[in-house]
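So in the working numbering, spot 583 of the sequence shown is number 583, and the numbers just go up one at a time.
Some notes on the structure that comes next.
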Amino acid sequence: MAMGTKAIWEFANFHLDPAERLLLRDGNEVRLPPKTFDLLVALVFGAGRLLEKDELLKQVWPDTFVEESSLAQHVSTLRKALQDGETGVSYIETVPKSGYRFTALVREIPEAGSADQEHSKTPAKTTRSLSWLGLAGIIAVLAIIIGGIWRFSGIGRRGEAAPLAGKVMVAVLPFENLTGDPGQDFFSDGFTEEMITQLGYLDPARMGVIARTSAMHYRGTKLGVDSIARELGVQYVVEGSVRRAANRIRISAQLIQVRDQTHIWAQSYDREGRDVLDVQSQVASAIAEQIQLKLTPEVTSRFARSIPVDQEAYDAYLQGRFFWNRRDKPGLQKAVQYFEQAVARDPKQPKFYAGLADALALMGSLPDPPVPRPEAMERARSAAMKAIALDETSAEPHASLAFVEMHYDWNWMAAEEEFRRAIELNSSYATAHHWYAYYLMAMGRLEDSLHEIRRAQELDPLSLIIQRDVADMLYYARRYDEAIVQCRKTLERDPQFALANFSLYEIYSQKKMIPEMDEALRGMETSGQAGLPVIGPAPGDALVGRTAKARKELVELQRLEGQGKQLAYSIAVVYASLGDHDQAFHWLDVAYRARDGSLILLKTDPSLDVLREDPRFTELLRKMNLAFNT
């Protein structure tokens, strides 16, 4: 499409004449601010093409330095003028972290009155109509973003959100690292996670926040906001960028209403690093009070507290979170090191102890922890209790303490109390729902465990491990066919996800479906993924009568157990499947004395059904405080 002084463009019921600086809708003039008009011309001229933000800034403001937030404000103004999205048709698509695309069908008329040269650019895009649920949700997001971590530096601009009813969901997309140094990705990723956490504390009855795992899936994506929202099931999206220089931090953030892709608000913040947490608490509290959100006393108290943070300690904390999210042995070891550095430099920050508790608790649950399991669990307990002593309203240490009480102490009443407290404080904390689902399964409350794991899935819909664990809960409930369907759904998203194939292998072995069981085993073997259960195919081989093969595999499992791996429970499962009950109980006793975390499966594991009538099984349940009916 050529751009000339006499070119006239038409799209939908609009008539655009750049030379006359005239925009008509159904013959009536639509007045636009000068720069908003220039922006429209640039978008229409590039119709169908992704226009990067830098490109638009150069076209519309060629001789002036302008912040991205100004561009977002003009896009918002333009969308309102075009009534973008109001009739189900959207003209301007937002592509997170990148720019904008004009999506309407554009006709170019080179000479006035001539309409015989039509160039089809891109079919008009119909914006997905999403259900609208709760004005408080958008206000809550504005409160924390404007309160976020940085002082107000300039004038933000609000759009008008339609009144909503019920609960809304928000996604915080990965904040872009603008430092030019990939080594600073930990900070931009950490800021994203901190935003997710802080939003989760606001009015949980009226707003939910998508978890980090799913949000980080969209780093560097070219997908439009509407596509992301459709995948995540959200009504609002937060995106932005991070830049650091010396001891200053600059954040640009914007809030997008998905229905019409309107930029409800955009703002930049410039702040000294040490005041990060102080400003977050003060401004978020003030904004929340101004807009009359129904904050709990705990949240109000949380926002009222303010302590300066050591910048190097905060960096170490964010590095720790970066490695904790890997959830593997090397990552957890590094996470512990970074969290310990943070605590040593700034021992008054509760979140640093919470991170340390998270890392040590997961480390202690590994089959071959780098430190003795009792040491890891006791250190996790100590760190969690220290975090709670410093800030009782922080959800993470309550969940970590519950994890220790469930996996190591078998103190079921205390564990449930801590899980429920974590969820009460931050109902968007997907990890708490995930771990609580396993607690409920351990109690034999299988329907409740399914409800809880599905809540975790709603908050973290792209987490493969949570998707797989939905299948696990169905498996423990003996709903094998549904579990197979769920595993297949997980493998559709990632055919190389070995743990889903392992779950399929377990399910098919219970159903004695040998060809399907072998197919799942091949899927495990070809995935090349680390982290598969060391037990391997032994239980399945035992169940379907491959006795010689199972016994050979048992020899290897016992050798590994002798080297320090915690496999006693798994060995007991194989012996139970072989019908050797005495050996099964011997190894269950070994697991009990080692406080093997897998024993939380005792009450519901289908592999142990053959032992349940034996008095020794009842006695083991009694010793673990599990001898009760559900």
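Each residue gets a CB set at the ideal place from its N, CA and C atoms; glycine is no exception.
Would you mind stating whether residue i and residue j have Cβ atoms separated by less than 7 Å?
i           : j           : result
residue 635 : residue 560 : No answer is possible for residue 635: the residues shown for the chain start at 1 and end at 630.
residue 572 : residue 588 : yes
residue 599 : residue 575 : no
residue 82  : residue 171 : no
residue 437 : residue 452 : yes
residue 414 : residue 405 : yes
residue 356 : residue 376 : no
residue 401 : residue 379 : no
residue 544 : residue 514 : yes
residue 258 : residue 229 : yes
residue 11  : residue 104 : yes
residue 256 : residue 237 : yes
residue 234 : residue 169 : yes
residue 51  : residue 99  : yes
residue 542 : residue 548 : no
Compare the Cα-Cα distances from residue i to each of the options and report the closest residue.
i           : options            : result
residue 310 : 350, 331, 324, 394 : 350
residue 498 : 522, 512, 610      : 522
residue 671 : 539, 357, 336      : The chain is shown only over 1 to 630; residue 671 falls outside these bounds and no answer can be derived.
residue 320 : 329, 301, 341      : 341
residue 49  : 178, 222, 179      : 222
residue 607 : 476, 620, 97       : 476
residue 440 : 626, 332, 169      : 626
residue 512 : 200, 546, 236      : 546
residue 19  : 7, 28, 29, 25      : 7
residue 363 : 353, 336, 173      : 336
residue 447 : 465, 272, 478      : 478
residue 46  : 106, 17, 455, 70   : 106
residue 472 : 462, 54, 501, 494  : 501
residue 97  : 168, 550, 173      : 173
residue 249 : 234, 271, 235      : 271
residue 328 : 387, 367, 423      : 367
residue 178 : 510, 516, 220      : 220
Tell me which residues share the same chain as residue i and place their Cβ nearer than 8 Å to its Cβ, disregarding the 5 neighbours each side in the sequence.
i           : result
residue 474 : 450, 480, 482, 483, 486
residue 74  : 33, 35, 36, 39, 60
residue 624 : 410, 592, 599, 602
residue 84  : 78, 90, 91, 92, 260, 261, 262
residue 64  : none
residue 26  : 13
Keeping to the same chain, check which residues put their C-beta closer than 6 Å to that of residue i; ignore five residues upstream and five downstream.
i           : result
residue 204 : 427
residue 365 : 407, 597
residue 211 : 430, 459, 460
residue 43  : 102
residue 331 : 323
residue 418 : 398, 401, 402
residue 316 : 338, 341, 342
residue 622 : none
Would residue i pass as an interface residue toward chain C - the criterion being a Cβ-Cβ separation below 7 Å?
i          : result
residue 33 : You won't find chain C in this structure, because it holds only one protein chain.
Does the beta-carbon of residue i have 16 or more other beta-carbons within 10 angstroms, so that it is buried, or is it exposed?
i           : result
residue 468 : buried
residue 612 : exposed
residue 112 : Its pLDDT being 41, under 50, residue 112 is placed unreliably by the model, and the measurement read from it follows with that caveat. It is exposed - the Cβ of residue 112 has fewer than 16 other Cβ atoms within 10 Å.
residue 525 : exposed
residue 246 : exposed
residue 619 : exposed
residue 13  : exposed
residue 62  : exposed
residue 615 : exposed
residue 28  : exposed
residue 16  : buried
residue 108 : buried
residue 297 : exposed
residue 434 : buried
residue 493 : exposed
residue 563 : exposed
residue 68  : buried
residue 555 : exposed
residue 358 : buried
residue 455 : buried
residue 86  : exposed
Which residues in the same chain as residue i place their Cβ atom closer than 7 Å to its Cβ, once the five residues preceding and following it in sequence are excluded?
i           : result
residue 193 : 212, 321
residue 290 : Confidence is the limiting factor: at residue 290 the pLDDT is only 36, short of 50, which leaves the residue's position unreliable and the question unanswerable from this model.
residue 191 : 175, 242
Three-pair Cβ contact test at 8 Å for the stretch 390-398 versus the stretch 367-381:
Between the stretch 390-398 and the stretch 367-381 there are fewer than three inter-stretch CB-CB distances shorter than 8 Å, so the stretches are not counted as touching.
Stretch-stretch touch, CB-based, cutoff 8 Å, three pairs: the stretch 233-253 with the stretch 172-191:
Touching, yes, given that three or more Cβ pairs across the two stretches are closer than 8 Å.
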